[in-house]
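Undergrad: Pasting a structure below so you can have a look.
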Amino acid sequence: MIINTNQDEFKNDLYDIMHLYYPDLVLNEEDGVVLTHELILKDDIEENHFDLNGNKYSEQAILPKFRSELKKKRVIKRNIKLSLYKHLVNITGKTMPWGSLTGIRPTKIGYELLEDGVSPYFIKETLMKNYLVSEEKARIVANVIRNQNCIIRNEKLVDLYINIPVCPSRCSYCSFISSEYDKVKDILPEYLDNLVKELRAVQKIVSEKAYVIRTVYIGGGTPSVLTSEEFKRIFNEINYPISEFTVECGRPDTITEEKLKTLKEAEVTRISINPQTFCQKTLKLIGRNHTTKDVLEAYKLALKYDFSVNMDFIAGLPGEKFPTFKKTIDTAIELSPDNITVHTLSLKHGSLLFNNPPDTDANVAKMVNYAYTKLTADGYKPYYLYRQKNQIEGLENIGYAKKGKVCVFNVDSMEETNSIIACGAGAISKRVFYIDNRIERLANPKFLTDYNQRIDEIIEKKFNFF
């Protein structure tokens with residue numbers, strides 16, 4: 001796909017809108033699709049002119065007075081994307097649930113509206129007007145923001161993230177930089193040695209810079225591939241007075257009573273047990289070597305030790321139609337975990353499914369809508385929301401929580417309201433500067449071997465970064 005525009009800084013934004021309707025098109029590739037765009041600014045008038053393979057469209061917008069050039073640029077970009085979106089709706093006859101809104105965080109727009117003085121009660125209407133977001137999705141954004149009452153903006157308040165990028169096997173939908181256990185088990189002891197070294201460096205950073213650790217989150221990968229003794233090595237380096245401590249256990253076949261005892265002794269408060277589906281046929285198809293019975297047994301054990309439990313599910317898995325997904329959600333509600341997260345399948349580069357996508361006639365939107373309606377009716381509140389590229393039908397991921405059971409780390413991470421000190425291979429630290437309204441990131445090497453070889457460099461960079 002070729003995009004010709006007199007405003008090159010907006011070329012990627014134009015492509016993002018085109019990608020909603022034509023996901024197979026590759027930017028700057030000669031495939032016969034040519035989009036021409038011209039932006040004309042006349043005083044307080046913005047004109048956008050489009051030509052998509054002979055299909056022409058033009059639209060004008062009146063620009064208000066702006067307090068800054070940044071605000072002006074944002075509105076011009078918004079109008080460009082909205083105009084192209086309208087053009088594609090006219091051509092295809094199809095609307096998108098999120099309208100012209102792209103990017104991973106729809107709530108970011110909601111918070112920007114609040115900063116601009118828009119009443120919380122008008123967030124929904126503004127999203128519908130300015131981005132043509134559907135009423136249903138706009139209402140979800142407003143509800144999520146309403147439920148995010150745990151946000152505290154303080155530059156000294158930080159979260160600690162620890163990455164264990166190892167899994168028992170690779171799921172067909174996964175694109176994370178995560179290694180299969182059998183392939184890295186020989187270098188895993190060295191990795192844990194270096195992870196402990198990095199965590200000890202973090203203790204010095206926290207002490208010297210007077211940071212306060214708010215939450216701890218151990219993710220991956222599948223951290224529960226570790227043994228109890230390996231977990232203890234990590235836990236020995238976490239000595240902070242925190243009220244939320246999460247460990248992603250993920251695969252139920254990696255969960256044992258001994259490990260749960262170890263987690264409980266370390267004062268872990270929350271774990272994830274991620275069935276993804278309660279259909280045994282689908283589990284086998286996506287490469288998960290556990291049974292639905294394993295999920296139920298792991299969950300029963302978790303309740304025995306009084307953990308708050310999250311369960312992840314995916315809408316749009318290969319071979320699944322609405323009745324199968326409905327049964328999964330109904331089963332989850334019967335189990336009644338504190339948190340339920342519903343993802344829409346994303347066909348990610350690097351995943352096995354990317355080159356072998358599932359059928360697209362499964363009506364995934366109906367699945368996601370059912371989950372929202374059923375979960376909220378049962379008392380679950382949507383508290384965090386994000387989108388990914390290549391998600392089926394342009395949908396989203398939503399985290400739901402019972403009253404008082406919001407995962408603070410998820411909100412801090414998704415809304416980028418607090419700095420995150422991240423340790424381990426593939427972990428990305430984030431530093432939030434409130435006064436300057438900017439965020440800086442520091443990424444550790446992705447692979448275990450690189451991490452092991454560069455641990456001293458990693459620690460030095462972390463000291464300089466924080």
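Quick note, the sequence shown lines up with residues 1 to 466 if you use full-length UniProt numbering. Quick reminder that beta carbons are idealized off the backbone N, C-alpha and C, glycines included.
Tell me, please, which residues DSSP counts as bridged to residue 60.
TA: Here the question's residue 60 lines up with position 60 in the sequence shown. The partner list for residue 60 (beta bridge, DSSP) reads 47.
Undergrad: Suppose the cutoff is 6 Å on Cβ atoms and the five residues either side in sequence are ignored; what does the same chain contact list for residue 85 look like?
TA: One-based indexing of the sequence shown puts residue 85 at position 85. Cβ neighbours of residue 85 beyond the five flanking positions: 17, 100.
Undergrad: So within the stretch 294-376, which uninterrupted beta strand (DSSP E) runs reach at least 3 residues, ignoring any that extend past its ends?
TA: Here the runs fully enclosed are 308-315, 339-344.
Undergrad: Which same chain residues, not among the five before or five after residue 151, have their C-beta less than 8 Å away from its C-beta?
TA: Translated into positions along the sequence shown, residue 151 becomes position 151. Closer than 8 Å at the Cβ level, and outside the excluded window around residue 151, lie 411, 412, 415, 417.
Undergrad: Regarding residue 458 and the ligand NAD, is the C-beta to nearest heavy atom distance less than 7 Å?
TA: The ligand NAD is absent from the structure shown, which contains no ligand whatsoever.
Undergrad: Looking only at its own chain, which residues have a Cβ that is under 6 Å from the Cβ of residue 408, when we skip the five neighbours before and after it?
TA: In the sequence shown, the residue the question calls residue 408 occupies position 408. So the list reads 150, 215, 244, once near-sequence residues are dropped.
Undergrad: Taking Cβ to Cβ, would you say residue 428 is nearer than 8 Å to residue 443?
TA: Here residue 428 refers to the residue found at position 428 of the sequence shown. Here residue 443 refers to the residue found at position 443 of the sequence shown. Yes, they are a contact pair.
Undergrad: Buried or exposed for residue 42, going by 16 or more other Cβ atoms inside 10 Å?
TA: Position 42 of the sequence shown holds residue 42. Label assigned to residue 42: exposed.
Undergrad: For residue 55, write down the residues that DSSP places opposite it in a beta bridge.
TA: Your numbering for residue 55 matches position 55 in the sequence shown. Answer is 52, bridged to residue 55.
Undergrad: Please report the straight-line C-alpha distance between residue 292 and residue 281, rounded to a whole angstrom.
TA: Your numbering for residue 292 matches position 292 in the sequence shown. Your numbering for residue 281 matches position 281 in the sequence shown. If I take the Cα positions, the gap works out to 10 Å.
Undergrad: How is the beta strand (DSSP E) around residue 419 delimited, first residue to last?
TA: The residue labelled residue 419 in the question sits at position 419 within the sequence shown. That run of the beta strand (DSSP E) goes 419-423.
Undergrad: Mind checking who residue 429 pairs with in its DSSP beta bridge?
TA: Mapped onto the sequence shown, residue 429 falls at position 429. 442.
Undergrad: What are the boundary residues of the alpha helix (DSSP H) that includes residue 85?
TA: One-based indexing of the sequence shown puts residue 85 at position 85. First-last of the alpha helix (DSSP H) with residue 85: 69-92.
Undergrad: Report back the beta-carbon spacing between residue 224 and residue 254 to the nearest angstrom; my notes put them in contact at under 8 Å.
TA: Counting from one through the sequence shown, the residue named residue 224 turns up at place 224. Counting from one through the sequence shown, the residue named residue 254 turns up at place 254. Indeed, because the Cβ distance is near 4 Å, the residues count as touching under 8 Å.
Undergrad: Throw me the rounded Cβ distance for the residue 448 and residue 179 pair, which I believe falls under 8 Å.
TA: Residue mapping note: residue 448 aligns to position 448 of the sequence shown, counting from 1. Residue mapping note: residue 179 aligns to position 179 of the sequence shown, counting from 1. Contact flag correct, Cβ pair sits at about 6 Å.
Undergrad: With C-beta atoms as the reference, is residue 221 less than 8 Å away from residue 166?
TA: Working through the sequence shown from its first residue, we reach residue 221 at position 221. Working through the sequence shown from its first residue, we reach residue 166 at position 166. In contact: residue 221 and residue 166 (Cβ atoms closer than 8 Å).
Undergrad: Going by C-alpha distance, which of 406, 262, 23 is nearest residue 467?
TA: Since the first residue of the chain shown is 1 and the last is 466, residue 467 is not available in this structure.
Undergrad: Quick check on this structure: which residue in 122, 325, 155 has the alpha carbon closest to the alpha carbon of residue 438?
TA: Locating residue 438 in the sequence shown gives position 438, where the first residue counts as 1. For residue 438, the nearest C-alpha among the options comes from 155.
Undergrad: Do residue 118 and residue 107 have their CB atoms nearer than 8 Å?
TA: In the sequence shown, counting from the first residue as 1, residue 118 sits at position 118. In the sequence shown, counting from the first residue as 1, residue 107 sits at position 107. Not closer than 8 Å, so no.
Undergrad: Exposed or buried, which one is residue 40 when buried takes at least 16 other CB atoms within 10 Å?
TA: The residue given as residue 40 occupies position 40 in the sequence shown. So residue 40 ends up on the exposed side.
Undergrad: Measuring CB to CB, does residue 385 end up less than 8 Å from residue 33?
TA: Translated into the one-based positions of the sequence shown, residue 385 becomes position 385. Translated into the one-based positions of the sequence shown, residue 33 becomes position 33. Cβ atoms of residue 385 and residue 33: not closer than 8 Å.
Undergrad: Give the range of the beta strand (DSSP E) segment to which residue 262 is assigned.
TA: If you number the sequence shown from 1, residue 262 lands on position 262. It is not in any beta strand (DSSP E) - residue 262 instead sits in the alpha helix (DSSP H) that spans 257-265.
Undergrad: With a threshold of 16 other CB atoms inside 10 Å of the CB of residue 186, please say whether the residue is buried or exposed.
TA: Here residue 186 refers to the residue found at position 186 of the sequence shown. Label assigned to residue 186: exposed.
Undergrad: Could you check if residue 325 is buried or exposed, using at least 16 other CB atoms within 10 Å of its CB as the buried criterion?
TA: What you label residue 325 is simply residue 325 of the sequence shown in a count that begins at 1. Flag for residue 325 reads buried.
Undergrad: Do you know how far the Cα of residue 394 is from the Cα of residue 25?
TA: For the purposes of this step, residue 25 is taken as residue 25 along the sequence shown, with counting starting at 1. For the purposes of this step, residue 394 is taken as residue 394 along the sequence shown, with counting starting at 1. When rounded, the distance between both Cα atoms is 16 Å.
Undergrad: Counting only the same chain and skipping the five closest in sequence on each side, list residues whose C-beta sits under 6 Å from that of residue 211.
TA: By 1-based counting over the sequence shown, the position of residue 211 is 211. Closer than 6 Å at the Cβ level, and outside the excluded window around residue 211, lie 156, 158.
Undergrad: Please report how far the alpha carbon of residue 240 lies from the alpha carbon of residue 213, in whole angstroms.
TA: Residue numbering aside, residue 240 sits at position 240 when the sequence shown is read from its first letter. Residue numbering aside, residue 213 sits at position 213 when the sequence shown is read from its first letter. Taking the straight line joining both Cα atoms gives about 7 Å.
Undergrad: Could you tell me the boundaries of the alpha helix (DSSP H) in which residue 460 lies?
TA: In the sequence shown, counting from the first residue as 1, residue 460 sits at position 460. Here the alpha helix (DSSP H) through residue 460 covers 455-465.
Undergrad: Report, in whole angstroms, the separation of the C-beta atoms of residue 316 and residue 285, which I expect to be a contact under 8 Å.
TA: Counting from 1 along the sequence shown, the entry for residue 316 is found at position 316. Counting from 1 along the sequence shown, the entry for residue 285 is found at position 285. Actually they are not in contact, since the Cβ atoms of residue 316 and residue 285 sit about 13 Å apart, beyond 8 Å.
Undergrad: Where does residue 250 sit, in a helix, a strand or coil, going by DSSP?
TA: In the sequence shown, residue 250 corresponds to position 250, counting from 1. DSSP places residue 250 in strand when its eight states are reduced to three.
Undergrad: Among residues of its own chain, excluding the 5 on either side of residue 217, which ones have a beta-carbon nearer than 6 Å to its beta-carbon?
TA: Along the sequence shown, one-based indexing puts residue 217 at 217. Counting only Cβ-Cβ distances below 6 Å, and skipping sequence neighbours, we find 161, 246, 409.
Undergrad: Straight-line CA distance for residue 48 to residue 98?
TA: Sequence index remark: in the sequence shown, residue 48 carries index 48 (1-based). Sequence index remark: in the sequence shown, residue 98 carries index 98 (1-based). Distance between the alpha carbons of residue 48 and residue 98: 21 Å.
Undergrad: Starting from residue 214, trace the beta strand (DSSP E) in both directions and tell me its first and last residue.
TA: Position 214 of the sequence shown, counting from 1, holds the residue named residue 214. Unbroken beta strand (DSSP E) run through residue 214: 212-220.
Undergrad: Would you kindly check if the distance between the Cβ of residue 398 and the Cβ of residue 372 is under 8 Å?
TA: Translated into the one-based positions of the sequence shown, residue 372 becomes position 372. Translated into the one-based positions of the sequence shown, residue 398 becomes position 398. Yes; because the gap between Cβ atoms is below 8 Å, this pair is in contact.
Undergrad: Is it buried or exposed, residue 434, if we count other Cβ atoms within 10 angstroms and call 16 or more buried?
TA: Start at 1 with the first residue of the sequence shown, and residue 434 comes out as number 434. Label assigned to residue 434: exposed.
Undergrad: If residue 466 and residue 431 are in contact, beta carbons under 8 Å, what's the gap, nearest whole angstrom?
TA: In the sequence shown, the residue the question calls residue 466 occupies position 466. In the sequence shown, the residue the question calls residue 431 occupies position 431. With a Cβ gap of about 7 Å, residue 466 and residue 431 count as contacting.
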